[in-house]
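A quick write-up on the structure given underneath.
There are 2 protein chains.
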Amino acid sequence: MKKGSKTRYNILEKGFDLIYKNGYQATSIDEILATTKVTKGAFYYHFKTKDDMGVAIIKEIVKPIIQENFIAPLQNTSKPIEEIYQMIKSLLLEVPFLKLEYGCPVSNLTQEMTPWNIEFTNVLNKLILEWQIAIENCIKKEVNNRNLLNDETPKQVAFFIISSYWGIRNFGKITKSKDCYLVYLKELKVYLSKFF
Amino acid sequence: MKKGSKTRYNILEKGFDLIYKNGYQATSIDEILATTKVTKGAFYYHFKTKDDMGVAIIKEIVKPIIQENFIAPLQNTSKPIEEIYQMIKSLLLEVPFLKLEYGCPVSNLTQEMTPWNIEFTNVLNKLILEWQIAIENCIKKEVNNRNLLNDETPKQVAFFIISSYWGIRNFGKITKSKDCYLVYLKELKVYLSKFF
DNA sequence: ATAAAAACATACTAACTAGTATGTTTTTAT
DNA sequence: ATAAAAACATACTAGTTAGTATGTTTTTAT
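Protein sequence lines correspond, in order, to chains S and A. Under the working numbering, the first residue of the first sequence is numbered 21, with each subsequent residue one higher. Under the working numbering, the first residue of the second sequence is numbered 21, with each subsequent residue one higher.
Shown next as structure tokens:
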């Protein structure tokens, strides 16, 4: 990796950490510079504006996270619904860089940026759609495996799962206790059991 | 109402509108002053700080909204589960001051403030707990009516409903289309049908 | 080795922000 | 009517913010 690219990537990584923790607006460029030991000149050599960096963070940091942790586990599985449950459980309780107090990065950014930044909105929208489709396909696989009917169900169920996941992440942020995850997971299991 | 109280309440109302629309940090005091035609002197006569106003908005504007629209409908109903569905449907599609693009005020504030303001967190936590209890009690009523067993279920179900509601509000913010509400409501109905 | 380009460093600016200092007007109680 | 308190108005300040201007250093290709 070239030196310049290294600096750039460092900004993206540390920037993501700070934004995930404190929010986009609450994270100043100066703060990012302080934690990365990068100077302002270097920063603006790599990014035109703060928003330019924000979009790059989504594309180059958040997107791979989603790919690896939210989408990949669902592919090539023989027990699709069971896999969905295990993935959600793992996201809530095991994945180390997703923190109780910080919530879900995608949900956070959606919440904060949607009102006033259309570029963020578009990039996030694409990302979310990919996750949605992955879940939908996963459900379809289970439906096919078991010769269940009802074509409308997969989309509905995907919406329900995504929504409940985002919501419980918010719940976790405010209660600051993983207990709510455990309660949620119990009910998620009950909910998904309708496929069996 | 005294003149002073009127000014104060006006600030709270317009302040809520702006914060609900744009977020807390993105809403400046100057912006609130401009839309209320109140001067800075008057503002700081009524509120010690911006955060003081923020907390007052939650206590005096958001809380009544929750009481009237999220809790009251669940009380004294003969068909509790059906009532939960109707309430959520009404919140998503009918209640005029809740807007697709703006999401859920409580969820928004939770998301944004939790990382750095403990006072907001506490006030919001109480508010959310009240809603949670109301839903739980509603479910318990249905369980009693039908002599169903399983003591753990009501809390789980309440968590699931709240989470899914918050999540779909987030979904609405990014897709900017009520279609996702309709899909969600279909699945919510399916989910709740387990009680029948 | 050297010239060009890439990468970085420093000092500055203009706009905005929450909050204050200090004064005036309006309301209220007597 | 008048004094006190409540309510409001204006001008200002100190700190922060994103972004710029202008330079220097480092890397790369020849």
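Each residue gets a CB set at the ideal place from its N, CA and C atoms; glycine is no exception. All figures in this text were calculated on a predicted structure; none of them were measured in a lab.
- Residue contact check for I188/S against chain A: a CB pair falls below 7 angstroms.
- Two segments are said to touch when three or more pairs of C-beta atoms, one from each, lie closer than 8 angstroms; by this definition the stretch 83–100 of chain S touches the stretch 141–155 of chain S.
- The residue among Y201/S, I155/S, F215/S, G192/S with its C-alpha nearest the C-alpha of Q95/S is I155/S.
- Chain S has no Cβ within less than 7 angstroms of the Cβ of E139/A.
- Of all residues in the stretch 125–151 of chain A, only S127, N128, T130, Q131, E132, T134, P135, W136, T141, L144, N145, I148 place a beta-carbon less than 8 angstroms from a beta-carbon of chain S.
- Secondary structure of C200/S (DSSP, three-state): helix.
- One finds K175, Q176, F179 in chain S with Cβ atoms closer than 8 angstroms to the Cβ of V203/A, taken in chain order.
- Within the stretch 60–110 of chain S, complete alpha helix (DSSP H) segments of at least 4 residues are found at 60–66, 70–77, 83–86, given in chain order.
- Less than 7 angstroms divides the Cβ of I194/S from the Cβ of T130/A.
- Non-local beta-carbon contacts of I78/S in its own chain, meaning distances under 6 angstroms to residues more than five positions away in sequence, involve V143 in chain order.
- Nearest to A62/S by alpha-carbon distance, out of K41/S, G43/S, N30/S, is N30/S.
- Residue-level contact check: I194/A touches chain S, since one or more beta carbons of chain S fall below 7 angstroms from its beta carbon.
- Taking a Cβ-Cβ threshold of 8 angstroms, the residues of chain A close to I182/S are G187, F191, in chain order.
- Residue nearest to V177/S within the set D199/S, N128/S, L212/S is L212/S (criterion: CA-CA distance).
- For E207/A, the nearest CB of chain S lies under 7 angstroms from its own CB, placing it at the interface with that chain.
- At least one CB of chain S lies nearer than 7 angstroms to the CB of N42/A.
- Along the stretch 88–114 of chain A, none of the residues has a CB nearer than 8 angstroms to a CB of chain S.
- With contacts defined as CB atoms closer than 7 angstroms, S127/A and W186/A qualify as a contacting pair.
- Collapsing the DSSP output to three states places S48/A in coil.
- According to the DSSP assignment, F180/A belongs to the alpha helix (DSSP H) that extends over 173–195.
- Under the DSSP assignment, L118/S falls outside any alpha helix (DSSP H); it carries neither an H nor an E label.
- In this chain, the alpha helix (DSSP H) harbouring C158/S covers 138–165.
- Where T130/S is concerned, the enclosing alpha helix (DSSP H) starts and stops at 125–133.
- For S183/A and G74/A, the gap between their C-alpha atoms comes out near 24 angstroms.
- Taking a Cβ-Cβ cut-off of 9 angstroms, A62/A has no neighbours in chain S, whose nearest Cβ is about 27 angstroms from it.
- For a Cβ distance threshold of 8 angstroms, residue set F179 of chain S lies close to C200/A, ordered along the chain.
- Residue state for F216/S is assigned as coil, using DSSP reduced to three classes.
- Taking a Cβ-Cβ cut-off of 9 angstroms, A76/S has no neighbours in chain A, whose nearest Cβ is about 19 angstroms from it.
- Residues of chain A with a Cβ closer than 8 angstroms to the Cβ of A46/S are, in chain order, Q45, P135, W136.
- Sorting C124/A, F215/A, E114/A by C-alpha distance to the C-alpha of L169/A places F215/A at the top.
- A76/A sits buried, since 16 or more C-beta atoms from the chains shown fall within 10 Å of its C-beta.
- The alpha-carbon separation between Y105/A and K209/A amounts to approximately 7 angstroms.
- A buried status is given to I101/S, since no fewer than 16 other beta-carbon atoms sit within 10 Å of its beta-carbon.
- Residues Y40, V82 of the same chain have their beta carbon placed closer than 7 angstroms to that of P125/S, with the five preceding and five following residues left out of the count.
- When the five nearest sequence neighbours on each side are left out, the beta carbons in the same chain lying within less than 6 angstroms of the beta carbon of Y204/A are those of I188, in order along the chain.
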